[in-house]
Each structure stands twice: as structure tokens, then as C-alpha cells.
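Peer 1:
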Amino acid sequence: MTNLSPAPATGTLPPAIDAKLAMGWMHTARFLTTAAQLHHLPDITVPEIAFVGRSNAGKSTCINTLTQQKQLAFASKKPGRTQHINLFALGKQGVTDAVLADLPGYGYAAVSRSDKQRWQAVMANYLVSRQGLTGIVLLCDPRLGMTELDEALLEVVRPRVEQGLKFLVLLTKADKLTRSEQAKVLSITRLQAGGGEVKMFSALKKQGVDEVAQLLWQWSHPATAPAGAAANAPAPEEPEPPQP
Ligand SMILES: Nc1nc2c(ncn2[C@@H]2O[C@H](COP(=O)(O)OP(=O)(O)O)[C@@H](O)[C@H]2O)c(=O)[nH]1
Ligand SMILES: [Mg+2]
Numbered sequence: 000m001t002n003l004s005p006a007p008a009t010g011t012l013p014p015a016i017d018a019k020l021a022m023g024w025m026h027t028a029r030f031l032t033t034a035a036q037l038h039h040l041p042d043i044t045v046p047e048i049a050f051v052g053r054s055n056a057g058k059s060t061c062i063n064t065l066t067q068q069k070q071l072a073f074a075s076k077k078p079g080r081t082q083h084i085n086l087f088a089l090g091k092q093g094v095t096d097a098v099l100a101d102l103p104g105y106g107y108a109a110v111s112r113s114d115k116q117r118w119q120a121v122m123a124n125y126l127v128s129r130q131g132l133t134g135i136v137l138l139c140d141p142r143l144g145m146t147e148l149d150e151a152l153l154e155v156v157r158p159r160v161e162q163g164l165k166f167l168v169l170l171t172k173a174d175k176l177t178r179s180e181q182a183k184v185l186s187i188t189r190l191q192a193g194g195g196e197v198k199m200f201s202a203l204k205k206q207g208v209d210e211v212a213q214l215l216w217q218w219s220h221p222a223t224a225p226a227g228a229a230a231n232a233p234a235p236e237e238p239e240p241p242q243p
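Take the sequence shown: its position 29, counted from the start at 1, is 28 in numbering that gives the first Met the number 0, and no numbers get skipped.
Okay, here's the thing in C-alpha cells:
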């Protein structure tokens with residue numbers, strides 16, 4: 000499904016793609032497919048990045064903010080509604096170079112026990128066995144911090160993280176905290192994440208948006224990629240004026 004061929008090297012690899020290019024790349028996101036069960040997911044040959052977290056952590060809002068699309072992932076004041084794994088393709092049409100996977104939120108009290116267990120199994124299975132899974136973004140409400148359920152998830156993926164799976168804890172709704180509260184929860188979460196990367200994010204204040212987009216691009220285009228790889232990123236929204 001991808002025809003991403005390595006571009007010729009034209010210089011040294013920049014440490015990160017330009018924020019505007021990264022945001023342009025995120026904006027190409029479009030719905031790919033949805034599946035209620037793992038074996039219904041298509042095999043993907045490009046890097047896949049999973050978004051996981053407790054229900055109401057701000058996952059849908061985060062995906063919509065990163066992709067600059069109001070309705071791509073369903074954001075709701077009624078938690079516990081998303082019961083499917085939704086995949087979104089990134090990259091120019093016909094040159095999908097990464098996939099975002101929106102996993103069902105967990106921890107919602109009003110979901111029946113059997114539904115919870117079913118979803119825990121689907122989630123654990125996905126995280127342990129999904130081919131092509133390149134990175135995980137774990138979203139947490141910083142007022143709760145990493146809960147038991149988040150730590151259980153971390154345990155499930157730890158062996159894969161040790162083998163190189165990328166892992167980011169994103170503390171959402173940063174706008175609800177003061178600067179000093181943010182600093183405090185960042186350092187506590189860094190300890191809990193055991194060396195994993197932790198960032199603050201606010202959809203409301205657009206805090207951390209560029210940085211996360213740049214990081215996800217890097218995850219999907221590892222450093223071994225030739226410098227010209229940035230040329231595979233889509234052009235920014237506004238076309239360049241024609242050269243004389
Ligand atoms: N203040 C604030 N509220 C947010 C932010 N992100 C999400 N929310 C709110 O948190 C609630 C849950 O968000 P949603 O994206 O649906 O969470 P999900 O269940 O993890 O997908 C909604 O009422 C959102 O408006 C943020 O950055 N700042
Ligand atoms: Mg949601």
C-alpha cells in the first residue's frame with residue numbers, strides 16, 4: 000500500500016523535520032479503516048503509531064488537534080463510546096508513509112465488566128503482537144497522573160520498548176495546571192515512565208503540538224533515512240510562489 004522509496008541523500012540529516020512540514024504531514028491524515036477485533040485489522044507495511052489512554056484522557060481531541068481536523072477522531076463529553084480500533088493513514092495520497100491507530104479508551108466505570116475484559120484482551124493483544132507497531136503515545140490526564148491501568152499497559156509493552164519500540168507519555172489538558180503544577184507532574188511522571196519520554200500537551204492552548212508532530216515524524220522516518228527523506232513530506236498548505 001506504500002510506494003515510499005528512499006530519496007537520494009542530499010546532505011546531512013536535520014535533527015528534526017521543520018515544525019510546519021511536520022504539521023503539514025499530520026494534516027494529511029485520513030480515515031483508513033475500523034475494526035472491532037484485532038484479526039480484522041489490515042496488515043500494514045508502514046510504521047504504525049498507537050494512541051492509547053484512559054477514557055476521557057483527551058485522546059480524540061489530541062488526534063484532532065495534531066491532524067488539524069475537527070472530526071477525524073470523535074471527541075465527546077460522553078466517555079466510553081469508542082469501541083473500535085480506528086486507523087488513519089498519513090502521507091500524500093498513494094504514498095502512505097505511516098498509520099495512526101486510535102485504540103479504545105479504558106477505565107470507564109460505566110462499561111460492563113465483560114466489555115472491559117474483552118477490551119483489555121484486545122488492547123493487550125494489539126500492543127504485544129501488532130506487526131509494524133513503531134511507537135505508542137500514552138495519554139494521561141495530569142490531574143490523575145499515570146494510574147494503575149496506565150502502569151499495567153506500560154508493563155505489557157515494556158519488552159517491546161526494550162527492543163526499541165518508541166514510547167511517549169503525553170500529559171494532556173496542560174491548560175488546567177499552573178506552570179509549577181506542570182513541572183511537578185512532569186518529574187513524577189518521568190520517574191513512573193522509567194526513562195520514557197514525557198511531554199505536556201494542551202489542545203486548548205496548542206501547547207506541545209508542533210513538538211509531538213515532529214516527534215511522530217521522526218519515529219516514522221528513522222535516522223537511517225536519507226536526508227532527502229524530508230522531501231517525502233507534503234508541502235505546506237500554501238503552495239510556494241513559482242520560481243522566476
Ligand atoms: N481544557 C482542556 N480540555 C481538554 C483538552 N483535551 C481534551 N479536553 C476535554 O476533555 C474531554 C475528553 O476529551 P476526549 O478527547 O473526548 O477524550 P478521549 O475519551 O480520551 O478521547 C472533552 O470534554 C474535551 O473537551 C485540553 O487540552 N484542554
Ligand atoms: Mg475518544
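Each residue gets a CB set at the ideal place from its N, CA and C atoms; glycine is no exception.
#1: Could you tell me whether any Cβ in chain B is nearer than 9 Å to the Cβ of VAL127?
#2: Hey, ALA97 and PRO46 are a contact pair by Cβ (cut 8 Å); roughly how many whole angstroms apart?
#3: I'd like the span of the beta strand (DSSP E) that includes GLY52, first residue to last.
#4: With a threshold of 8 Å on Cβ separation, who are the neighbours of VAL156 within its own chain once the five nearest residues in sequence on each side are excluded?
#5: Quick one: Cα of LEU31 to Cα of THR66, how far?
#6: Express the C-alpha separation of THR171 and GLN162 in angstroms, rounding to a whole number.
#7: Which partner residues does SER201 have in the DSSP bridge list?
#8: Using only the heavy atoms of ligand 1, determine whether one of them is closer than 8 Å to the beta carbon of ALA49.
#9: Run through the DSSP bridge pairs and tell me what GLU150 is partnered with.
#10: What residue range is occupied by the uninterrupted alpha helix (DSSP H) comprising THR188?
#11: In terms of alpha-carbon separation, which member of ALA100, ALA212, LYS183, LEU137 lies closest to THR33?
#12: Can you tell which of ILE43, TRP118, HIS220, SER179 has its C-alpha closest to the C-alpha of PRO141?
#13: Which residues in the same chain as LEU245 place their Cβ atom closer than 6 Å to its Cβ, once the five residues preceding and following it in sequence are excluded?
#14: Could you give the residue range of the alpha helix (DSSP H) that holds ASP114?
#15: Considering only the beta carbon of each residue, do GLY106 and THR146 sit closer than 9 Å?
#16: Restricting to Cα atoms, I'd like to know which of LEU148, LEU143, THR95, ASP42 is closest to GLN130.
#17: Which residues mark the beginning and the end of the beta strand (DSSP E) in which THR95 is found?
#18: Tell me whether PRO7 is buried or exposed, calling it buried when 16 or more other Cβ atoms sit within 10 Å of its Cβ.
#19: Counting along the chain, where does the beta strand (DSSP E) carrying LYS172 start and finish?
#20: Name the one or two DSSP bridge partners that VAL136 has.
#21: Closer than 8 Å to a non-hydrogen atom of ligand 2 - does that hold for the CB of ALA72?
#22: Identify every residue that forms a DSSP beta bridge with PHE87.
Peer 2: A quick look at the data gives this:
#1: As a matter of chain content, chain B is missing from the structure shown, which is built from one protein chain.
#2: Along the sequence shown, read from residue 1 onward, the residue named residue 97 stands at position 98. Along the sequence shown, read from residue 1 onward, the residue named residue 46 stands at position 47. So it is a contact: roughly 5 Å between Cβ atoms.
#3: For the purposes of this step, residue 52 is identified with residue 53 of the sequence shown, where counting begins at 1. The continuous beta strand (DSSP E) containing GLY52 extends over residues 47-52.
#4: To locate residue 156, count along the sequence shown from 1; it is residue 157. Closer than 8 Å at the Cβ level, and outside the excluded window around VAL156, lie LEU126, VAL127, ILE135, LEU164, PHE166.
#5: In the sequence shown, the residue the question calls residue 31 occupies position 32. In the sequence shown, the residue the question calls residue 66 occupies position 67. The alpha-carbon atoms of LEU31 and THR66 are separated by roughly 14 Å.
#6: Your numbering for residue 162 matches position 163 in the sequence shown. Your numbering for residue 171 matches position 172 in the sequence shown. Answer to the nearest angstrom: the Cα atoms are 27 Å apart.
#7: The count along the sequence shown starts at 1 and reaches residue 201 at position 202. In the DSSP output, where bridge partners are listed per residue, SER201 has GLN206.
#8: Walking along the sequence shown from the start, residue 49 turns up at place 50. No, ligand 1 has no heavy atom inside 8 Å of this Cβ.
#9: Sequence index remark: in the sequence shown, residue 150 carries index 151 (1-based). The partner list for GLU150 (beta bridge, DSSP) is empty, contrary to what the question assumes.
#10: Your numbering for residue 188 matches position 189 in the sequence shown. Taken as a continuous stretch (DSSP letters only), the alpha helix (DSSP H) holding THR188 covers 178-191.
#11: Start at 1 with the first residue of the sequence shown, and residue 33 comes out as number 34. Per the Cα distances, ALA100.
#12: As a working mapping, residue 141 is identified with position 142 in the sequence shown. Looking at the Cα atoms, SER179 is the closest of the given residues.
#13: An answer regarding residue 245 cannot be provided, because it is not within the stretch 0 to 243 covered by the chain.
#14: Working through the sequence shown from its first residue, we reach residue 114 at position 115. Taken as a continuous stretch (DSSP letters only), the alpha helix (DSSP H) holding ASP114 covers 112-128.
#15: Along the sequence shown, read from residue 1 onward, the residue named residue 106 stands at position 107. Along the sequence shown, read from residue 1 onward, the residue named residue 146 stands at position 147. Yes, they are a contact pair.
#16: Counted from its first residue, the sequence shown places residue 130 at position 131. Comparing Cα-Cα distances from GLN130 to each of LEU148, LEU143, THR95, ASP42, the minimum goes to ASP42.
#17: If you number the sequence shown from 1, residue 95 lands on position 96. Unbroken run through THR95: none, as it is neither H nor E.
#18: Counted from its first residue, the sequence shown places residue 7 at position 8. Residue placement at PRO7 cannot be trusted, given a pLDDT of 39 that sits under 50; what the coordinates show is reported in the next sentence. A residue is called buried once 16 or more other Cβ atoms fall within 10 Å of its Cβ, and PRO7, having fewer, is exposed.
#19: Your numbering for residue 172 matches position 173 in the sequence shown. From DSSP, LYS172 is part of no beta strand (DSSP E); its letter is neither H nor E.
#20: Walking along the sequence shown from the start, residue 136 turns up at place 137. Residue pairing for VAL136: DSSP places it in a beta bridge opposite PHE50, LEU167.
#21: In the sequence shown, residue 72 corresponds to position 73, counting from 1. Judged by the Cβ position, ALA72 qualifies as a neighbour of ligand 2 at the 8 Å threshold, a heavy atom of the ligand being closer than this.
#22: Here the question's residue 87 lines up with position 88 in the sequence shown. When DSSP reads this structure, PHE87 sits in a beta bridge with PHE30, LEU99.
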